Amino acid sequence: MSDWRPSANFSALQLRAQLLRAAREYFAATRVMEVETPTLSAAAVSDVHLASVQAKVCGQQAYLQTSPEYAMKRLLAAGSGDIYQIARVYRDGESGRYHNPEFTMIEWYRLGFDHHQLMDDVEKLLGCLLPARCLDRSERLSYQEALHLHAQVDVFSDPDSLLLASLLQAGIDVPAQLHQDRDGLLDLIMAVQVGPMLGKDRLTFIYDYPASQASLARVRGKVASRFELYLDGIELANGFHELGNAVEQRQRFIQDLQHRQARGLPVMPVDEHFLAALTQGLPDCAGVALGFDRLLMCASGAAHIDQVLAFPYARA
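In our numbering, the protein residues as written are 604 to 919.
Here's what the structure looks like:
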């Protein structure tokens with residue numbers, strides 16, 4: 604076969620090793636413990652936007668994890684203190700310029716932090732990893748400010764028809780099923796009109812997402828205590844002031860599963876171990892997941908994720 608060689612050159616692989624070492628040095632210096640959690644689980648993520656890779660283990664259905672989040676929160680509930688993990692994670696159906704079905708994620712949790720304090724922490728880490736790119740203080744915009752600035756829409760007051768019109772006027776083909784889906788329209792505006800404009804000369808944090816897009820974050824009125832990080836128009840990280848209410852989290856899972864069923868997606872098994880940990884008590888904390896391969900793209904100037912992976916899925 605002609606594709607046995609790595610798709611990344613060795614300078615990219617050396618940079619990968621250097622940045623992983625620098626990340627571990629940062630967490631050691633700030634007293635965050637490295638942990639490892641299972642890649643395989645009998646439970647799976649319920650988010651309608653994520654697809655778990657299925658596997659068979661000892662004759663039983665299992666799933667490769669899309670994130671180490673649930674297991675890490677079990678450690679937090681058990682009293683671990685601040686923790687981080689450099690994890691291999693898996694997402695089915697994700698392949699392209701910025702996606703590989705298997706990728707590296709750095710995920711960490713800080714006790715006593717809210718999402719604004721965690722943004723400070725992310726900024727400090729990336730100042731160590733990308734000193735040439737992160738010399739100036741980051742830009743910080745609320746979700747509402749970012750959509751108003753780059754798409755001229757108001758996320759809270761404009762009707763769905765205006766959101767749709769903004770996309771159509773920009774020449775974007777909007778699938779019919781999204782025409783009455785407010786969050787779907789907002790996601791598309793963020794993906795194609797706003798996101799590519801962010802992080803052009805410095806890190807850009809977008810915070811306080813609509814409450815309907817809270818995922819596993821706390822909600823304050825009409826906004827979720829959540830942020831995303833962009834650099835060079837690429838989404839690098841997603842962080843939350845973590846929800847610790849087990850009853851509310853179960854209800855969100857139920858709503859996710861209802862949405863999956865309505866869309867004809869598989870209904871995934873809920874992680875009861877995770878919900879039991881929340882019932883026991885999750886300490887007040889904030890957590891973030893950082894896409895390490897995308898960070899490498901920004902650090903090296905790579906145009907495709909394959910250029911920073913030894914063996915992408917097509918060569919695995």
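Idealized CB from N, CA, C, for every residue including glycine. Bear in mind that the values here come from a model prediction, so they are computed numbers and not experimental data.
7 Å Cβ shell around residue i - same chain, five flanking residues per side excluded
{"i": "S741", "result": "E726, R805, L806, T807 and F808"}
{"i": "I709", "result": "A626, Y687, I689, L893 and F895"}
{"i": "D739", "result": "R805"}
{"i": "L878", "result": "A849, Q852 and R853"}
{"i": "A773", "result": "Q796"}
{"i": "D763", "result": "Q783, R785 and L788"}
{"i": "A817", "result": "A827 and R829"}
{"i": "V651", "result": "D859, H862, R863, R866 and L868"}
{"i": "L839", "result": "L832, Y833, L893, G894, R897 and L898"}
{"i": "V911", "result": "A611, A615, R619, D896, L899, M900, S903 and A905"}
{"i": "H876", "result": "R677"}
Three-state class that DSSP yields for residue i in the structure shown
{"i": "Q688", "result": "strand"}
{"i": "H876", "result": "helix"}
{"i": "M793", "result": "helix"}
{"i": "L667", "result": "strand"}
{"i": "I908", "result": "helix"}
{"i": "G847", "result": "coil"}
{"i": "F935", "result": "Residue 935 lies beyond the stretch modelled for the chain, which goes from 604 to 919, so this question has no answer here."}
{"i": "L881", "result": "helix"}
{"i": "G842", "result": "strand"}
{"i": "A820", "result": "strand"}
{"i": "I837", "result": "strand"}
{"i": "M636", "result": "strand"}
{"i": "A646", "result": "coil"}
{"i": "L899", "result": "helix"}
{"i": "F808", "result": "strand"}
{"i": "D786", "result": "helix"}
{"i": "A681", "result": "coil"}
{"i": "R866", "result": "coil"}
{"i": "S614", "result": "helix"}
{"i": "P641", "result": "coil"}
Beta-carbon proximity list for residue i, same chain, < 6 Å, skipping 5 on both sides
{"i": "A749", "result": "V797 and I809"}
{"i": "R743", "result": "F808"}
{"i": "F630", "result": "Y687"}
{"i": "S649", "result": "F856, D859, L860 and M871"}
{"i": "T882", "result": "A849"}
{"i": "P671", "result": "T640, Q688, A690 and E710"}
{"i": "R821", "result": "S828, H844 and L846"}
Sheet register partners of residue i (DSSP bridge)
{"i": "P813", "result": "V826"}
{"i": "K659", "result": "Q664"}
{"i": "G894", "result": "M708"}
{"i": "A889", "result": "R713 and H844"}
{"i": "E831", "result": "I809 and N841"}
{"i": "Y693", "result": "E705"}
Among the options, the one whose alpha carbon lies nearest that of residue i
{"i": "D887", "options": "A680, D811 and D874", "result": "A680"}
{"i": "F706", "options": "G842, V692 and F877", "result": "V692"}
{"i": "G904", "options": "V870, R863, I837 and L846", "result": "I837"}
{"i": "S745", "options": "V758, L733, Q780 and D723", "result": "V758"}
{"i": "L791", "options": "S655, L767, L801 and V651", "result": "L767"}
{"i": "L832", "options": "K659, V660 and L729", "result": "L729"}
{"i": "F830", "options": "V891, L781 and A735", "result": "V891"}
{"i": "Q747", "options": "A735, I775 and L789", "result": "L789"}
{"i": "Q783", "options": "P799, A794, M793 and L765", "result": "L765"}
{"i": "A754", "options": "V911, A794, G715 and M722", "result": "A794"}
{"i": "G884", "options": "T642, V635 and R677", "result": "R677"}
{"i": "E637", "options": "Y712, P778, D761 and G847", "result": "Y712"}
{"i": "D811", "options": "D874, A917 and M722", "result": "M722"}
{"i": "D685", "options": "T633, R823 and K803", "result": "T633"}
{"i": "M800", "options": "K825, H751 and L732", "result": "H751"}
{"i": "L770", "options": "Q780, V756 and S760", "result": "V756"}
{"i": "R624", "options": "L733, R608 and R700", "result": "L733"}
{"i": "A917", "options": "S815, Q664 and R700", "result": "R700"}
{"i": "S644", "options": "E628, Y666, N841 and L714", "result": "Y666"}
Cβ shell of residue i (< 8 Å), same chain only, five flanking positions each side left out
{"i": "P915", "result": "S610, N703, I908 and D909"}
{"i": "L653", "result": "T669 and R694"}
heavy atom of the ligand FMN below 7 Å from residue i C-beta
{"i": "L765", "result": "Annotation note on the ligand FMN: not contained in the displayed structure, which lists no ligands."}
- Query: Which parts of the stretch 697–748 are runs of the beta strand (DSSP E), unbroken and 3 residues or longer, counting only runs that do not cross its ends?
  - Reply: 705–714 and 742–745
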